[in-house]
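Engineer: Using the working numbering, read the sequence shown as starting at 30 and increasing by one per residue. Beta carbons are placed, not taken as given, at the ideal position from N, Cα and C, and that holds for glycine. As the structure is a computational prediction, the values presented were derived from the model and not from experiment.
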Amino acid sequence: MHLKTAFASELTWPDYDAAVKSGDTPILIPIGSMEQHGHHMPLHVDVLLPTEFARRVALEIGALVAPPFTYGYKSHQKSGGGNHLPGTTSLDGATLVAALKDVIREFARHGVRKICLVNGHFENSWFIIEGIDLALRELRWDGVTDMKIVVLSYWDFVHKEAIARLYPNGFPGWEIEHGGVLETSLMLALHPHLVQLERAVDVAPASFPPYDVYPVKPEWTPCSGTLSSPKEASVEKGEILLEVCTTGIVNALRTEFG
Numbered sequence: 030m031h032l033k034t035a036f037a038s039e040l041t042w043p044d045y046d047a048a049v050k051s052g053d054t055p056i057l058i059p060i061g062s063m064e065q066h067g068h069h070m071p072l073h074v075d076v077l078l079p080t081e082f083a084r085r086v087a088l089e090i091g092a093l094v095a096p097p098f099t100y101g102y103k104s105h106q107k108s109g110g111g112n113h114l115p116g117t118t119s120l121d122g123a124t125l126v127a128a129l130k131d132v133i134r135e136f137a138r139h140g141v142r143k144i145c146l147v148n149g150h151f152e153n154s155w156f157i158i159e160g161i162d163l164a165l166r167e168l169r170w171d172g173v174t175d176m177k178i179v180v181l182s183y184w185d186f187v188h189k190e191a192i193a194r195l196y197p198n199g200f201p202g203w204e205i206e207h208g209g210v211l212e213t214s215l216m217l218a219l220h221p222h223l224v225q226l227e228r229a230v231d232v233a234p235a236s237f238p239p240y241d242v243y244p245v246k247p248e249w250t251p252c253s254g255t256l257s258s259p260k261e262a263s264v265e266k267g268e269i270l271l272e273v274c275t276t277g278i279v280n281a282l283r284t285e286f287g
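If you want it as structure tokens, here you go:
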């Protein structure tokens, strides 16, 4: 059937049921966070970006996008600035795992057999895997053995050629790209009204010792909350990222889901 929207929550239940009960329609679940992204971007960047990638991919492969997870696991100081910063609002790992497990099992109950978890918050990664593992285990107990789940983070599809174009002065590494060129460029391309680039703080790339300390030392995090400078972000770089990541995800899901 032809659907007027990529978002599952915008369908009536009979239309949703008709779309998913055969198991052929993939469900894409964006997973983000409420986390500070510097002085120049809003708190829901990690929700907006995976949701938009999921929407674009869904339209290409005939999938549906589930409502996103808007809270994620605690921000880590070396990848997100730290959970101590104002605005960052996080879940315990066990809470996120339990919620993911429940949602996956519910989609399986509807008939869904192909799920992709589209991650937009680095710290979610291992908890997503745990939620999948527990869900698949319980589904096997219920006799469901034909479920396939793909988990991905959109930035992993940025290949070396694109990195060379995006970072002509050198790539700082994904671990300190929080609030930097990648996310800011994507937001400029997709939601420019939510970006105040003139307020961005031009910080040197963050440097951390090869260990962690708890409670965290706030002075380790740059005062901006970002871990590298967003000053070189642009709409043009955002368009490159949109093309590269969307194409990569589409190809990956066509490979895995057929």
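Give me whichever residues DSSP pairs with Cys145 in a beta bridge.
Structural biologist: In DSSP, Cys145 forms a bridge with Leu57 and Val179.
Engineer: If you draw a straight line from the C-alpha of Glu135 to the C-alpha of Val173, how long is it?
Structural biologist: So the two alpha carbons sit approximately 12 Å from each other.
Engineer: With DSSP as the reference, label Val230 as helix, strand or coil.
Structural biologist: Note: Val230 maps to coil in three-state DSSP.
Engineer: Let me make sure I understand the geometry here. Which of Pro71, Gly111 and Gly140 has the alpha-carbon closest to that of Pro244?
Structural biologist: Looking at the Cα atoms, Gly111 is the closest of the given residues.
Engineer: If you draw a straight line from the alpha carbon of Leu219 to that of Ala127, how long is it in whole angstroms?
Structural biologist: Going from the Cα of Leu219 to the Cα of Ala127 covers about 32 Å.
Engineer: Should Thr275 go down as buried or exposed, given a rule of 16 or more other Cβ atoms within 10 Å for buried?
Structural biologist: The residue in question, Thr275, is buried, as its Cβ has 16 or more Cβ neighbours within 10 Å.
Engineer: Give the DSSP bridge partners of Val132, in chain order.
Structural biologist: Paired residues: none, contrary to the question.
Engineer: Beta-carbon within less than 7 Å of Leu300's beta-carbon, same chain only, minus the 5 sequence neighbours each way: which residues are those?
Structural biologist: This structure cannot speak to residue 300, because the chain is shown only from 30 to 287.
Engineer: Looking at the structure shown, is Tyr45 part of a helix, part of a strand, or coil, going by DSSP?
Structural biologist: Helix, per DSSP.
Engineer: Roughly how many angstroms separate the alpha carbons of Ala92 and Phe200, rounded to a whole number?
Structural biologist: The alpha-carbon atoms of Ala92 and Phe200 are separated by roughly 34 Å.
Engineer: Threshold first: 3 residues or longer. Then list the beta strand (DSSP E) segments lying entirely within the stretch 156 to 231, N to C.
Structural biologist: If we require 3 residues or more, the beta strand (DSSP E) runs fully inside the stretch 156 to 231 come out as 177 to 182.
Engineer: To which residues of the same chain is Leu215 closer than 6 Å at the C-beta, ignoring the five residues directly before and after it?
Structural biologist: Answer for Leu215: Leu78, Gly267 and Leu270, listed in chain order.
Engineer: Could you check whether Leu72 and Gln65 sit closer than 9 Å to each other, using their CB atoms as the reference points?
Structural biologist: Their beta carbons are under 9 Å apart, which means Gln65 touches Leu72 by this criterion.
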